[in-house]
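Residue numbering for the sequence shown follows UniProt numbering, starting at 1 and increasing by one per position. Cβ coordinates follow ideal geometry from the N, Cα and C atoms, glycine included. Comments concern the structure below.
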Amino acid sequence: MTTADQVHVRSVRDEPASGDGHRVLVDRIWPRGVSKEAAALDDWLKDVGPSTELRKWFGHDPERFDEFATKYAQELKGTDAWQQLQQIVADHGRVTLLFGAADREHNQAVVLQDLLTR
Numbered sequence: 001m002t003t004a005d006q007v008h009v010r011s012v013r014d015e016p017a018s019g020d021g022h023r024v025l026v027d028r029i030w031p032r033g034v035s036k037e038a039a040a041l042d043d044w045l046k047d048v049g050p051s052t053e054l055r056k057w058f059g060h061d062p063e064r065f066d067e068f069a070t071k072y073a074q075e076l077k078g079t080d081a082w083q084q085l086q087q088i089v090a091d092h093g094r095v096t097l098l099f100g101a102a103d104r105e106h107n108q109a110v111v112l113q114d115l116l117t118r
């Protein structure tokens, strides 16, 4: 069972920290203004990010977040990308999911953390 202590969420723009563990970018598109060196990634799982259609529909509107989370979970179900993320979490004691969005509370990394730690 994965616990909340194992899966963390941070902005890719935050300074990498020693306690991050395995750092995974969960955006389909590379975040603007962030160099690969500054991101200090261990993995970039593009395909675990929400589809272009879902991302555009959501538009980071907090009022749509709950519906976005439900649709996103349905979109992930049974995909190779979701299974790959679950395996990364199983293989590493601590994982930090990185996102590029400005909103720290309403983004796909928050949804993924919830799904992984349920």
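With 16 other CB atoms within 10 Å as the buried threshold, where does residue i fall?
i, result
"R28", "buried"
"H60", "exposed"
What is the C-beta distance between residue i and residue j, in whole angstroms, given that I count them as a contact (C-beta under 8 angstroms)?
i, j, result
"Q113", "V7", "5 angstroms"
Is residue i helix, strand or coil by DSSP?
i, result
"R23", "strand"
"T3", "coil"
"V48", "helix"
"S18", "helix"
Between residue i and residue j, what straight-line distance do the alpha-carbon atoms span, to the nearest angstrom?
i, j, result
"A38", "E15", "8 angstroms"
"L85", "V9", "14 angstroms"
For the alpha helix (DSSP H) containing residue i, list its first residue and its last residue.
i, result
"T117", "108-117"
"L54", "52-58"
"T70", "65-76"
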